[in-house]
Ligand code: DCP
Ligand code: CA
Ligand code: CA
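Residue numbers (the working numbering): 14 to 378.
Right under this line is the structure:
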């Protein structure tokens, strides 16, 4: 009988740049940078990704293009514009191939998917190693692409395993090795532990995931609240029971944050929601989704929770629309309530993958 799940996370290596190398093998041994050009000046814009040769010169995703140019001065570096249509097409082919190897597959971004292969490998992590190698070989042969794979008893550990060895990596973490694997890592390797949380944990003398795993859970709940406190504790202990969902589509993407002080000041509130929107938008973009609903969430000083939602006429993937709608919803909410706000949240939902009208229009210019 199978008791443990065997979960894989597959993440394509330097995805956009790898796609570019595929259709133009001549650039393969040069630094390759794929960027989003804003069009203001010749070099304004940001790096989407780069191949590992360019990374060797210090080029990173998100870096301004002029900075990448400077780092690659004197090399035969190739700079290219993003071509999402082509990457999506590659992505679809790869996902289709992966699908054939999985009991269920959950695509989490254009270049990433979880596979539940428990049945395929008969619950064995030994078999999983051969199986992962077979998937890699098949993808290389049929599509000429390479990716890294993390194998573990759950999604959380599979993801960290995959990230720990790239490119073309294969990292297997058996159930009995999960604790030892996570323990020495810094806490920020856990999803949801950002700069602020890392600092706070440092003050509590929690530096590694092992420190967190051994910490008093009641204390964590006191400091971070029940939901987060419990999450940090279980995650640090390598526990994650979320299933690999075939549909792949999250129902909503949201972020919530606590304000520095309770307030009813609109601009102060919007400053926070703009930060949250930034995060929400990043995830929406990564998953290439359009949304139809925008919701704000407010936790008031008396700890009651309120939401306000707007449904758009057509699907959108525009950050400006989120911010504009959040402002309108917040203004309306403040006019209807008298209490101060303690926490705010931003949520988008009603997803589809169709291209928004606006994008089709700008395509003509
Ligand atoms: N991407 C982007 N802007 C970012 C980060 C990523 O446009 N700031 C795009 C380009 C990447 C793709 O998303 O190719 C996948 O992102 P990953 O984080 O998986 O990074 P890569 O696949 O490029 O590299 P790695 O080999 O580290 O996975
Ligand atoms: Ca990747
Ligand atoms: Ca990825």
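Ideal Cβ placement from N, Cα and C applies to all residues, glycine included.
Compare the beta carbon distance of residue i and residue j with 8 Å and say whether it is the shorter of the two.
{"i": "residue 306", "j": "residue 324", "result": "yes"}
{"i": "residue 115", "j": "residue 64", "result": "no"}
{"i": "residue 165", "j": "residue 186", "result": "yes"}
{"i": "residue 277", "j": "residue 312", "result": "no"}
{"i": "residue 272", "j": "residue 357", "result": "yes"}
{"i": "residue 104", "j": "residue 123", "result": "yes"}
{"i": "residue 56", "j": "residue 82", "result": "yes"}
{"i": "residue 26", "j": "residue 196", "result": "no"}
{"i": "residue 33", "j": "residue 93", "result": "yes"}
{"i": "residue 48", "j": "residue 78", "result": "yes"}
{"i": "residue 127", "j": "residue 19", "result": "no"}
{"i": "residue 180", "j": "residue 17", "result": "no"}
{"i": "residue 352", "j": "residue 314", "result": "yes"}
{"i": "residue 259", "j": "residue 85", "result": "no"}
{"i": "residue 238", "j": "residue 304", "result": "no"}
{"i": "residue 121", "j": "residue 144", "result": "no"}
Kindly indicate which residue of the options has the alpha-carbon position closest to the one of residue i.
{"i": "residue 309", "options": "162, 293 and 125", "result": "293"}
{"i": "residue 296", "options": "265, 52, 102 and 17", "result": "265"}
{"i": "residue 62", "options": "46, 56 and 52", "result": "46"}
{"i": "residue 59", "options": "352, 42 and 80", "result": "80"}
{"i": "residue 213", "options": "282, 236 and 241", "result": "236"}
{"i": "residue 110", "options": "85, 149 and 134", "result": "149"}
{"i": "residue 347", "options": "361, 256, 247 and 280", "result": "280"}
{"i": "residue 387", "options": "332, 121 and 351", "result": "For the chain, the structure presents residues 14 to 378; residue 387 sits outside this window and is missing."}
{"i": "residue 251", "options": "91, 202, 316 and 156", "result": "202"}
{"i": "residue 71", "options": "299, 44 and 97", "result": "44"}
{"i": "residue 35", "options": "75, 362, 84 and 102", "result": "102"}
{"i": "residue 336", "options": "314, 326 and 361", "result": "361"}
{"i": "residue 28", "options": "145, 219, 230 and 299", "result": "299"}
{"i": "residue 249", "options": "220, 269 and 238", "result": "220"}
{"i": "residue 178", "options": "365, 24 and 334", "result": "24"}
Please tell me whether, using a cut-off of 7 Å, the distance from the CB of residue i to the nearest non-hydrogen atom of ligand 5 is below it.
{"i": "residue 28", "result": "Within the structure as shown, ligand 5 is missing, the only ligands being ligand 1, ligand 2 and ligand 3."}
Taking only the alpha-carbon atoms, compute the straight-line gap between residue i and residue j and give it to the nearest angstrom.
{"i": "residue 183", "j": "residue 204", "result": "21 Å"}
{"i": "residue 125", "j": "residue 162", "result": "10 Å"}
{"i": "residue 39", "j": "residue 89", "result": "12 Å"}
{"i": "residue 242", "j": "residue 234", "result": "4 Å"}
{"i": "residue 320", "j": "residue 222", "result": "34 Å"}
{"i": "residue 341", "j": "residue 301", "result": "25 Å"}
{"i": "residue 199", "j": "residue 100", "result": "33 Å"}
{"i": "residue 211", "j": "residue 228", "result": "15 Å"}
{"i": "residue 289", "j": "residue 339", "result": "11 Å"}
{"i": "residue 267", "j": "residue 87", "result": "44 Å"}
{"i": "residue 207", "j": "residue 246", "result": "15 Å"}
{"i": "residue 330", "j": "residue 284", "result": "21 Å"}
{"i": "residue 261", "j": "residue 133", "result": "Note that residue 261 scores a pLDDT of 47, beneath 50, so its modelled location is shaky and nothing firm can be said."}
{"i": "residue 176", "j": "residue 349", "result": "47 Å"}
{"i": "residue 21", "j": "residue 135", "result": "14 Å"}
{"i": "residue 172", "j": "residue 253", "result": "11 Å"}
{"i": "residue 14", "j": "residue 209", "result": "Below a pLDDT of 50, predicted positions are generally treated as unreliable, and residue 14, at 44, falls in that range; the measurement from the model is reported next regardless. About 44 Å."}
{"i": "residue 41", "j": "residue 174", "result": "27 Å"}
{"i": "residue 275", "j": "residue 343", "result": "15 Å"}
{"i": "residue 326", "j": "residue 168", "result": "36 Å"}
{"i": "residue 215", "j": "residue 224", "result": "10 Å"}
What residue range is occupied by the uninterrupted beta strand (DSSP E) comprising residue i?
{"i": "residue 243", "result": "Run containing residue 243: none in the beta strand (DSSP E); it sits in the alpha helix (DSSP H), 239-249."}
{"i": "residue 321", "result": "318-329"}
{"i": "residue 274", "result": "265-276"}
{"i": "residue 306", "result": "304-313"}
{"i": "residue 190", "result": "It is not in any beta strand (DSSP E) - residue 190 carries neither H nor E in the DSSP assignment."}
{"i": "residue 17", "result": "From DSSP, residue 17 is part of no beta strand (DSSP E); its letter is neither H nor E."}
{"i": "residue 50", "result": "45-50"}
{"i": "residue 162", "result": "160-165"}
I want to see whether chain C comes within less than 8 Å of residue i, judged by CB atoms only; does it?
{"i": "residue 129", "result": "Going by chain labels, chain C is absent from the structure shown, which holds only one protein chain."}
First and last residue of the alpha helix (DSSP H) that includes residue i?
{"i": "residue 126", "result": "No alpha helix (DSSP H) contains residue 126, which is instead part of the beta strand (DSSP E) from 125-129."}
{"i": "residue 106", "result": "97-112"}
{"i": "residue 355", "result": "Where residue 355 is concerned, there is no enclosing alpha helix (DSSP H), although the beta strand (DSSP E) it sits in stretches over 354-362."}
{"i": "residue 146", "result": "138-156"}
>> If you measure from each CB to the nearest heavy atom of ligand 3 and keep those under 6 Å, what residues do you get, in chain order?
In response: Having a Cβ closer than 6 Å to some heavy atom of ligand 3 are 24, 122, 124 and 125.
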